[in-house]
Amino acid sequence: MHELPITVRVNGSPREAVVEPRLLLVHLLRDVFGLTGTHIGCDTTSCGACTVLVDGRPVKSCTMFAVQADDLDVMTIEGVADGERLHPLQQGFYEEHGLQCGFCTPGMILAAMPLLEEPAAVDDHAVRRAISGNLCRCTGYDNIVRAIQWGLRAASQADGPRTPPAEPQAL
Ligand code: FES
Ligand code: FES
177 MHELPITVRV NGSPREAVVE PRLLLVHLLR DVFGLTGTHI GCDTTSCGAC
227 TVLVDGRPVK SCTMFAVQAD DLDVMTIEGV ADGERLHPLQ QGFYEEHGLQ
277 CGFCTPGMIL AAMPLLEEPA AVDDHAVRRA ISGNLCRCTG YDNIVRAIQW
327 GLRAASQADG PRTPPAEPQA L
């Protein structure tokens, strides 16, 4: 099959590959670039475990061809932390026990990323809507919603996620 050269900016660094047009983005990330934090949980575009950001928007990378990502920015879970410092959303999953097996967690975190654009305006309904394309077979979702809310509160605080954010005041 005819192969095509592509360049994808993955977590801020340009990565080159020569790929068959049928190669899915998730396989480019996992099998060619070795970024196995992007998971595969189904073959029906249902589970969201493969979610990454493409030009800042969540995309199920099992439903996009690698060649479609040519010259675009892709963020995977490997690019979320700041060195050893967890991203507030990652810290939120730790603080609120937002995972059990953890298989869905990378996709959940990437799916929640756009909520950071306006964290103060996000309620539980908005969180559940943001992750509505992502399935978790372990947690029952409540802790995931709390984890994301923790992360959003932490992200909106100047001193970052190491200081537990205050709970919202009851009215
Ligand atoms: Fe399940 Fe992509 S692997 S939606
Ligand atoms: Fe196991 Fe979500 S923590 S699938």
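If you use the numbering used here, the sequence shown corresponds to residues 177 to 347, in order.
Beta carbons are placed, not taken as given, at the ideal position from N, Cα and C, and that holds for glycine.
Within the model, the alpha-carbon separation for L200 versus G217 is close to 14 Å. Straight through space, the alpha carbons of V235 and G268 are spaced by roughly 22 Å. Of the heavy atoms belonging to ligand 2, at least one sits nearer than 7 Å to the Cβ of G278.
Beta-bridge pairing by DSSP links P234 to L229.
The stretch 263–280 and the stretch 197–212 do not touch, with fewer than 3 CB-CB distances between them shorter than 8 Å. E179 places its beta carbon 8 Å or farther from that of E192.
In the structure shown, P197 falls within a coil segment according to DSSP collapsed to helix, strand and coil.
For the pair of segments examined, the stretch 283–301 was found to touch the stretch 218–237: the number of CB pairs separated by less than 8 Å reaches three. The stretch 181–189 makes contact with the stretch 241–250; the number of CB pairs closer than 8 Å reaches 3 or more.
Under the three-state reduction of DSSP, F269 is assigned to helix. Here V208 carries a helix assignment [DSSP, helix/strand/coil].
Residue state for M240 is assigned as coil, using DSSP reduced to three classes. DSSP, reduced to helix, strand and coil, places V184 within a strand of the structure shown.
D247 carries a coil assignment under DSSP once its states are collapsed to helix, strand and coil.
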